[in-house]
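*Asks:* Quick note, the sequences are listed as chains A and B, same order.
Residue 380 in this note's numbering sits at position 380 of the first sequence, and the numbers go up by one each step.
Throughout, this note's numbering is defined as the position within the second sequence, counted from one, plus 381.
There are 2 protein chains.
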Amino acid sequence: MIYLDHAAATPMDRRVLNAMLPYFSDKFYNPSSPYIQAVNVRRDYEDAKHKIASLVGGKTDEVIITAGATESINLAFNSVNGHVITSAIEHPAVLKCALNHDHTIVGVDNHGLVEPNQIKSAIKPDTQLVSIALANNEIGTVQPIRELSMIVNEERRRRAMDSDNTPIYLHCDASQGAGQLDVNVARLGVDMLTLNSGKIYGPKQVGLLWVSSLVKLKPLIFGGGQENGLRSGTENVAGCIGFAKALELMTEHRGHEANRLKKLRDKLQSELSGAFPDAVFSGHPKHRLGGHLHISFPGLDGERLVFLLEKRGVMVATGSACSANKGTRSHVLEAIRLSPEVADGSLRLTLGHLSNDDNINKATTIIIEEITGEMKRVGRC
Amino acid sequence: MIYLDHAAATPMDRRVLNAMLPYFSDKFYNPSSPYIQAVNVRRDYEDAKHKIASLVGGKTDEVIITAGATESINLAFNSVNGHVITSAIEHPAVLKCALNHDHTIVGVDNHGLVEPNQIKSAIKPDTQLVSIALANNEIGTVQPIRELSMIVNEERRRRAMDSDNTPIYLHCDASQGAGQLDVNVARLGVDMLTLNSGKIYGPKQVGLLWVSSLVKLKPLIFGGGQENGLRSGTENVAGCIGFAKALELMTEHRGHEANRLKKLRDKLQSELSGAFPDAVFSGHPKHRLGGHLHISFPGLDGERLVFLLEKRGVMVATGSACSANKGTRSHVLEAIRLSPEVADGSLRLTLGHLSNDDNINKATTIIIEEITGEMKRVGRC
């Protein structure tokens, strides 16, 4: 089996699982219980949160552990009630949250890049949130978050000069980027950052929202007052410990891994490009996740290709995992103006820890064979 | 170590962990991915949900898997916008959610029992929700949910006769009761039921809200549209598999276990009662969880007792784990009119899988020794 769908899910790192296991058994205590064993569990939880905060360049009390990126995104949008701006290629969670506010959805260029000046033009007097993902989950395009940060900061300064206290925040969903890109909140210049443990070889159903002290967050879930009253519910101790370990491993190996994946991806792209001159590669040629390859075969059926490759032991995605099983065309591919004929023949190949020279070579051969066969079948060559 | 705090947290059953482990490694796929391995993971997830639904007497599409009881409760309250009724001894999650609505908080008797007629009298024309826990987490009192159901149903019929389409629902948080009481939704007669996997030897940060088809639920968390659009976010496959296993084991052994714990608890109560004639036992003498023992030693300091017992290897709680570490007096003990002097000397001993004849005998001896010593110290005997 060759797994080429790391953007949809990653296997938990064995070291992450080992870090978590004690909290399922010996250290199962409720971190709010009063005896020393439980107090130690609370300390381990806080230490893990502290490590997570440090790894994104924030403080412990700026981090809220959630049940995943979707909850984090909803929590970020819950901090504002005015106008919001996002892009046409965001994850459904961001787009759905934006729809619950007065909103502007800015378009992207053919490579899926958000144009900072479009964001700037979309800012209205009551704009309170700009939410842009670090990297797109379908085509891998990496956005100029730092430039967006400067625009938001400039607007914030302008308002301050006008004694206008309407807040404006920049939220960045870095779920897809964290494995390969720097997610330091200060260097990105964001006010809120979403991360997803399940995308970086950590436990699933764990995420975080990092929130600068600027932001006035309102809870979505009320109760016992955990996470400084911002997210109630008994703390996910094992999940947080696992997330911290995953983020630590990720940060340690990020540079090397990003290079490794980019080399493998470039070779794969080059071979597929050579074999299929009509294939369309989407995503920015330069500003793109190293492990991402989005390729379209005009006139072929992406879902059928997934099935054919699966029979040969190669696991790939059509669009994003979130919309892939709904039978609708990807909003991302529509936004970058791929024609329906091209979009419908798309595969997303995403490399990661399970990828190596050997299995990428094998996958390349299999993909070329299957696509060639399919092209013959439908009379495209 | 003798663990007497099963109401705060339970260790995960080894069989539950074994059922979950494959979904952390080999079966880590995103259930929305299109290839057969991921489709199989989706099927396993749906099968687990189906099992969970069957075990509470509901249908699969009536169950929403959440990140725990607190989220489930918030989701239940999100289904209504009118007046809500709850009791003074509910979990903070219920009380905080009630405060976000027009609300009536009914009192309880000295045993912590909700009086159905008080609920009936509190119903107003725009009452949309009655939310009462199956069993109280501090004193173990079990509420007459079936009687409350008849009251809510009667009001529903009355409204229907008047062509009044204002809905009214009964929500029951059965987080504390599920280990020892029947949680069949039809037999309870509820419209919504909350369960918490972490209280029944399943994984933490997993819960469910069962919702009858009567209820028009509105999502709290928007995104990819998972859980029939009612709770977005990649499904918690491992968590749901573990929850199903825990609920299955629980259901299988519930009757036997409830009896076993009741016998152990009654023996413990009888010995402590004999040794300390002035001790006050709270919770209903008859309608009470079998494994629950709430005991107060007037004039002693509960927090100090926890510390003394911890040094002897016995882990007990003062109030509820949720409020225990906040330095405030328990709202439950206030509601049952325990005087501050009595309330402040309270311990909650909750038995469970880790309890047996041997360690309960040992704990009894240690508790008697420590309390006796403490009474001498403060001059109470």
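Glycine included, every Cβ here is placed at the ideal spot set by N, Cα and C.
1) For glycine 112/A, is the classification buried or exposed, using 16 other Cβ atoms within 10 angstroms of its Cβ as the cut-off for buried?
2) Leaving out the 5 sequence neighbours to the left and right, which residues in its chain are closer than 7 Å to lysine 59/A when beta-carbon positions are compared?
3) Between serine 232/A and chain B, is the shortest Cβ-Cβ distance under 8 Å, so that the two count as touching?
4) Suppose the cutoff is 6 Å on Cβ atoms and the five residues either side in sequence are ignored; what does the same chain contact list for cysteine 703/B look like?
5) Using a cut-off of 7 Å between C-beta atoms, extract the partners of leucine 686/B located in chain A.
6) At which residue ranges does the segment 470-518 of chain B contain complete beta strand (DSSP E) runs of 3 or more residues, listed in the order of the chain?
7) Which term fits valine 378/A, buried or exposed, when burial requires 16 or more other beta carbons within 10 angstroms of its beta carbon?
8) Would you call the CB atoms of glutamate 519/B and valine 687/B closer than 8 Å?
9) Using the Cβ count rule (16 or more neighbours within 10 Å means buried), how would you classify alanine 324/A?
10) With DSSP as the reference, label isoleucine 251/A as helix, strand or coil.
11) To which residues of the same chain is alanine 400/B closer than 7 Å at the C-beta, ignoring the five residues directly before and after it?
12) From alanine 238/A to lysine 376/A, what distance separates their C-alpha atoms?
13) Return the chain-ordered list of same chain residues with a C-beta closer than 6 Å to the C-beta of leucine 55/A, the five sequence neighbours on each side being excluded.
14) By Cβ distance below 6 Å, which residues in the same chain neighbour valine 16/A in space, the five residues on each side in sequence not counted?
15) Using DSSP with H/G/I as helix, E/B as strand and the rest coil, what is tyrosine 23/A?
16) Three-state secondary structure (DSSP) at serine 701/B?
17) Quick check: what's the CA-CA separation for serine 594/B versus leucine 148/A?
18) Tell me, please, which residues DSSP counts as bridged to isoleucine 375/A.
19) Whose C-alpha, out of Asn117/A, Lys216/A, Phe297/A, is nearest the C-alpha of phenylalanine 77/A?
20) Would asparagine 74/A count as contacting chain B if we go by Cβ distances under 8 Å?
21) If we count the other Cβ atoms within 10 Å of its Cβ and call it buried at 16 or more, is leucine 480/B buried or exposed?
22) Using a C-beta cutoff of 8 Å, does leucine 209/A count as contacting chain B?
23) Among the candidates Ala698/B, Ile749/B, Pro666/B, whose CA atom is the shortest distance from the CA of lysine 653/B?
24) So, does the CB of glutamine 37/A fall closer than 8 Å to a CB anywhere in chain E?
25) Check the C-beta distance from glutamine 561/B over to glycine 671/B and give it rounded, since I have them as a contact under 8 Å.
26) Excluding the five sequence neighbours on either side, which residues of its own chain have a C-beta within less than 6 Å of the C-beta of serine 701/B, listed in chain order?
27) Closer than 8 Å is the cut-off here; do at least three beta carbon pairs connect the segment 72-89 of chain A with the segment 599-610 of chain B?
28) How is the alpha helix (DSSP H) around methionine 573/B delimited, first residue to last?
29) Taking all protein chains shown into account, do 16 or more other C-beta atoms lie within 10 angstroms of the C-beta of asparagine 81/A, making it buried, or fewer, making it exposed?
30) Smallest Cα separation from alanine 174/A: which of Asp162/A, Ala317/A, Ile145/A?
31) With burial defined as no fewer than 16 other Cβ atoms inside 10 Å of the residue's Cβ, what is the status of asparagine 165/A: buried or exposed?
32) What are the boundary residues of the alpha helix (DSSP H) that tyrosine 426/B is part of?
33) List the endpoints of the continuous beta strand (DSSP E) containing serine 727/B.
34) Return helix, strand or coil for histidine 765/B, following the three-state DSSP convention.
35) In whole angstroms, what separates the C-alpha of arginine 537/B from that of serine 711/B?
*Replies:* For this structure:
1) For the purposes of this step, residue 112/A is taken as the residue at position 112 of the first sequence. Buried: at least 16 other Cβ atoms inside 10 Å.
2) Taking the first sequence and counting its residues from 1, the one referred to as residue 59/A is at position 59. Closer than 7 Å at the Cβ level, and outside the excluded window around lysine 59/A, lie Ala53.
3) Counting from 1 along the first sequence, the entry for residue 232/A is found at position 232. Answer yes: the Cβ-Cβ gap between serine 232/A and chain B drops below 8 Å somewhere.
4) The residue labelled residue 703/B in the question sits at position 322 within the second sequence. No answer about cysteine 703/B holds up, because its pLDDT of 49 lies below 50 and its placement is not dependable.
5) Sequence index remark: in the second sequence, residue 686/B carries index 305 (1-based). Listed along the chain, the chain A residues whose CB falls inside 7 Å of the CB of leucine 686/B amount to none; the nearest CB is some 10 Å away.
6) The segment 470-518 of chain B contains these whole beta strand (DSSP E) runs: 484-487, 508-512.
7) Taking the first sequence and counting its residues from 1, the one referred to as residue 378/A is at position 378. Burial call: exposed.
8) Taking the first residue of the second sequence as position 1, residue 519/B is located at position 138. Taking the first residue of the second sequence as position 1, residue 687/B is located at position 306. No, Cβ-Cβ distance for glutamate 519/B and valine 687/B is not below 8 Å.
9) As a first step, residue 324/A is located in the first sequence; it is residue number 324 there, counting from the start. Model confidence at alanine 324/A stands at a pLDDT of 48, short of 50, so the residue's coordinates are unreliable; what they give is reported in the following sentence. Note on alanine 324/A: 16 or more other CB atoms within 10 angstroms of its CB, so buried under the neighbour-count rule.
10) Taking the first sequence and counting its residues from 1, one reaches residue 251/A at position 251. Residue identity check: residue 251/A is threonine in the sequence provided, not isoleucine. Here DSSP, grouped into helix, strand and coil, assigns threonine 251/A to helix.
11) Counting from 1 along the second sequence, the entry for residue 400/B is found at position 19. Cβ neighbours of alanine 400/B within its own chain (closer than 7 Å, five residues either side excluded): Ile622, Gly623, Lys626.
12) Within the first sequence, residue 238/A is the residue found at index 238, counting from 1. Within the first sequence, residue 376/A is the residue found at index 376, counting from 1. So the two alpha carbons sit approximately 51 Å from each other.
13) Along the first sequence, one-based indexing puts residue 55/A at 55. Leu247, Thr251.
14) Taking the first sequence and counting its residues from 1, the one referred to as residue 16/A is at position 16. Here valine 16/A has Gly202, Gly242, Lys245, Ala246 as same chain residues with Cβ atoms under 6 Å from its own Cβ, once five neighbours each way along the sequence are excluded.
15) Locating residue 23/A in the first sequence gives position 23, where the first residue counts as 1. In the structure shown, tyrosine 23/A falls within a helical segment according to DSSP collapsed to helix, strand and coil.
16) Translated into the one-based positions of the second sequence, residue 701/B becomes position 320. Below a pLDDT of 50, predicted positions are generally treated as unreliable, and serine 701/B, at 46, falls in that range; the measurement from the model is reported next regardless. Here serine 701/B carries a coil assignment [DSSP, helix/strand/coil].
17) Taking the first residue of the second sequence as position 1, residue 594/B is located at position 213. Taking the first residue of the first sequence as position 1, residue 148/A is located at position 148. Serine 594/B and leucine 148/A: Cα-Cα distance of roughly 45 Å.
18) Walking along the first sequence from the start, residue 375/A turns up at place 375. Sequence check: residue 375/A is methionine here, not isoleucine. The partner list for methionine 375/A (beta bridge, DSSP) is empty, contrary to what the question assumes.
19) In the first sequence, residue 77/A corresponds to position 77, counting from 1. Ranked by Cα distance from phenylalanine 77/A, the options Asn117/A, Lys216/A, Phe297/A are led by Lys216/A.
20) Sequence index remark: in the first sequence, residue 74/A carries index 74 (1-based). Asparagine 74/A counts as touching chain B.
21) Here the question's residue 480/B lines up with position 99 in the second sequence. By the neighbour-count rule (16 or more Cβ atoms within 10 Å), leucine 480/B is not buried but exposed.
22) For the purposes of this step, residue 209/A is identified with residue 209 of the first sequence, where counting begins at 1. It does not: the Cβ of leucine 209/A has no partner Cβ on chain B nearer than 8 Å.
23) Start at 1 with the first residue of the second sequence, and residue 653/B comes out as number 272. Rather than lysine, the amino acid found at residue 653/B in this sequence is leucine. Its Cα nearest to that of leucine 653/B, the residue Ile749/B stands out among Ala698/B, Ile749/B, Pro666/B.
24) No chain E appears in the structure shown, which is made up of the protein chains A and B.
25) Within the second sequence, residue 561/B is the residue found at index 180, counting from 1. Within the second sequence, residue 671/B is the residue found at index 290, counting from 1. The C-beta distance from glutamine 561/B to glycine 671/B rounds to 5 Å, short enough to fall under 8 Å.
26) As a first step, residue 701/B is located in the second sequence; it is residue number 320 there, counting from the start. Confidence in serine 701/B is poor, its pLDDT being 46 and thus under 50, which makes the residue's placement unreliable; the coordinate value appears in the next sentence. Closer than 6 Å at the Cβ level, and outside the excluded window around serine 701/B, lie Asn518, Glu519.
27) At 8 Å Cβ cutoff, the stretches touch.
28) Against the second sequence, residue 573/B aligns to sequence position 192. That residue, methionine 573/B, is in no alpha helix (DSSP H); its beta strand (DSSP E) goes 573-577.
29) Your numbering for residue 81/A matches position 81 in the first sequence. Exposed, by the Cβ-count rule.
30) On the first sequence, residue 174/A is found 174 positions in, with the first residue counted as 1. Closest by alpha carbon: Ile145/A.
31) What you label residue 165/A is simply residue 165 of the first sequence in a count that begins at 1. Flag for asparagine 165/A reads exposed.
32) Taking the second sequence and counting its residues from 1, the one referred to as residue 426/B is at position 45. Residues 417-436.
33) Mapped onto the second sequence, residue 727/B falls at position 346. 727-731 is the span of the beta strand (DSSP E), which, as asked, contains serine 727/B.
34) Past the edges of chain B, shown from 382 to 762, lies residue 765/B, and the structure says nothing about it.
35) Against the second sequence, residue 537/B aligns to sequence position 156. Against the second sequence, residue 711/B aligns to sequence position 330. Rounded to the nearest angstrom, the two C-alpha atoms are 34 Å apart.
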